[in-house]
Every structure is written in C-alpha cells, then in structure tokens.
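A short worksheet on the structure shown next.
Residue numbers (the numbering used here): 9 to 116.
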C-alpha cells in the first residue's frame, strides 16, 4: 500500500500549484473507476499551453520565472505517481485554467 506521506506530498504539491495559479477558485474531485483512483484538481487561472505541459513536469522547469517556486512540485508528483504505477497528466480545466489529473491504482 502507498505510503501516507507520499500521498500527502502528491496532494499537497498539486494543491499548492493550483492555489498559486488560480484567480479565485480551485476545485478538487475524486472517484474510482476500473480499479483506479482518479483525482482532479482544477483552477481558474490562466492555464498552460499544451506545448508547455510536458516541460513543467520536468525537474527545475517553471511556467513563469516571476512566480515563486522551485520547479520541483509537479516533478515530485510525477515521480511518485509512477513509483506507484500511476500517472500525472495536465490538461485544460473546465474552469478555464489547468487541470492536474492524478491516476493511481485504487489499492495504493
């Protein structure tokens, strides 16, 4: 089973990222389907161009150098998700900003 500290770190990093970029709103939703846990964190910020999404998951890469951060949060989430057999994907949010979608085996 997944380490509670790892799960807490993934959720904390995703929420921190969403709150940093949100204009006013962050929504969190979760569910299970086909033996997998799906966690969605949506913000109403400016979003991120599709061509930037893979890059910001890399260690040390930041979407905007003017915004505080180390460029490690999403990379850590991605590394931990893969460790547990899951994945992190970034997409357009229904709120207009960015959707961070974390998928993990439900048994984690």
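The C-beta atom is built at its ideal place from N, Cα and C for all residues, glycine as well.
Since the model is a prediction, treat every value here as computed from it, not as a measurement.
Give the single residue among the options whose Cα lies nearest to the Cα of residue i.
| i | options | result |
| --- | --- | --- |
| residue 26 | 86, 45, 80, 52 | 52 |
| residue 24 | 50, 43, 45, 40 | 50 |
| residue 85 | 43, 47, 54, 115 | 47 |
| residue 146 | 87, 102, 34 | In the structure as shown, the chain starts at 9 and stops at 116, and residue 146 therefore has no counterpart that could be examined. |
| residue 107 | 35, 31, 18 | 35 |
Going by the DSSP bridge assignment, what does residue i pair with across the sheet?
| i | result |
| --- | --- |
| residue 113 | 44 |
| residue 39 | 46 |
How many Å lie between residue i and residue j at the Cα?
| i | j | result |
| --- | --- | --- |
| residue 98 | residue 92 | 18 Å |
| residue 14 | residue 82 | 13 Å |
| residue 55 | residue 89 | 22 Å |
| residue 66 | residue 59 | 13 Å |
| residue 12 | residue 109 | 19 Å |
| residue 113 | residue 38 | 13 Å |
| residue 105 | residue 80 | 20 Å |
Hey, would you say the C-beta of residue i is under 7 Å away from at least one heavy atom of the ligand MN?
| i | result |
| --- | --- |
| residue 91 | The model depicted lacks the ligand MN and carries no ligand whatsoever. |
Kindly indicate which three-state DSSP category residue i falls into: helix, strand or coil?
| i | result |
| --- | --- |
| residue 56 | coil |
| residue 11 | coil |
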